[in-house]
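What follows is a short report on a single structure.
Numbering (the working numbering), first residue to last: 5 to 339.
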């Protein structure tokens with residue numbers, strides 16, 4: 005557990021913990037369980053645009069391709085059934101497909117019908133951007149409550165390649181400066197890296213912290229929801245303390261773990277500030293969270309606005325005015 009002041013802002017860990025744990029998190033959890041936020045449309049068949057990747061995972065479930073909902077028997081979609089011969093054959097065909105993510109693609113008939121109404125509503129609304137996946141013929145809805153962020157067994161060279169590319173190609177870092185714990189970093193305990201990081205402008209330093217905070221968030225999720233037991237009859241998920249310590253313990257990570265956790269708090273502050281600034285958009289009378297269930301839609305919009313007002317009330321917001329406040333040419337280049 006980390007404590008104390010956060011660099012490059014006026015807030016501290018304890019203030020964020022109290023605000024999130026007792027005020028924001030309970031309301032946010034309720035919102036995320038609503039129909040509007042729990043169903044997500046995505047194209048899971050899209051190939052990696054950067055390099056050839058076999059997308060293999062380290063655990064059996066991770067290689068299961070979700071079957072199209074209209075091909076799955078009603079009993080299978082219900083989630084409580086005993087396999088018929090037909091369902092078994094279908095499951096075996098799905099197991100042969102290899103793809104990252106044990107996605108549970110089951111949706112009820114009622115949900116499928118509701119999705120059509122949502123799509124018609126979205127098509128009639130103005131969008132500030134287009135999400136490619138939504139319009140792909142291979143896109144399908146997944147239930148995020150059935151597919152929480154958790155351990156997938158995806159590790160080794162392929163996983164390392166992804167994060168290494170994210171850090172090396174997006175964080176303004178020269179190649180001769182090695183990240184702490186990265187391959188070929190040397191044994192200076194990260195001194196060279198943090199000397200470089202401290203010497204660059206706040207905008208570049210903040211960008212690195214945001215990437216590191218995102219990385220920490222993902223690692224916390226996979227440690228908190230780890231596959232502890234995997235048999236054909238039972239799968240047991242739960243916290244894996246050893247996995248968490250390997251990624252964040254101060255001694256094991258040579259001091260890098262606490263820095264990662266503080267970067268997660270920094271990321272939280274940026275996201276909280278973004279939520280506070282977007283409030284006027286969602287306050288518009290014409291905006292609605294449309295699912296076709298009018299009473300629930302109204303209730304969820306009110307809850308969303310409550311969360312955004314709560315975010316705005318946070319006393320120690322990150323001050324984005326500290327960004328791009330120096331040399332105008334350099335600021336324009338960074339933007």
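Backbone N, C-alpha and C fix where the C-beta goes; we use that ideal spot for every residue, glycine too.
Looking only at 173, 239, 151 and 273, the smallest Cα-Cα distance to residue 46 is reached by 151.
The three-state reading of DSSP puts residue 10 in coil, since its state is none of H, G, I, E or B. In this structure, residue 238 lies away from residue 184, with their beta-carbon atoms at least 7 Å apart. Around the beta-carbon of residue 155, 16 or more other beta-carbon atoms lie within 10 Å, marking it buried.
Per the coordinates, the alpha-carbon of residue 233 lies some 19 Å from the alpha-carbon of residue 249. DSSP places residue 57 outside both helix and strand once states are collapsed to three, so it counts as coil.
Counted as a single uninterrupted DSSP element, the alpha helix (DSSP H) harbouring residue 164 occupies residues 161–174. As computed with DSSP, residue 234 is found in a beta bridge with 239. In terms of Cβ geometry, residue 10 and residue 266 form a close pair [threshold 7 Å]. When the beta-carbon positions are compared, residue 14 and residue 320 come within less than 7 Å of each other. Taking residue 281 as reference, the option from 53, 311, 20 and 149 with the minimal CA-CA separation is 311. Listed in chain order, the non-local C-beta contacts of residue 212 below 7 Å within the same chain comprise 175 and 201, local neighbours out to five positions each way being set aside.
In the three-state reduction of the DSSP assignment, residue 282 falls in the helix class, which pools H, G and I. Around the beta-carbon of residue 256, fewer than 16 other beta-carbon atoms lie within 10 Å, marking it exposed.
Using a Cβ distance threshold of 7 Å, residue 279 and residue 221 do not count as a contacting pair.
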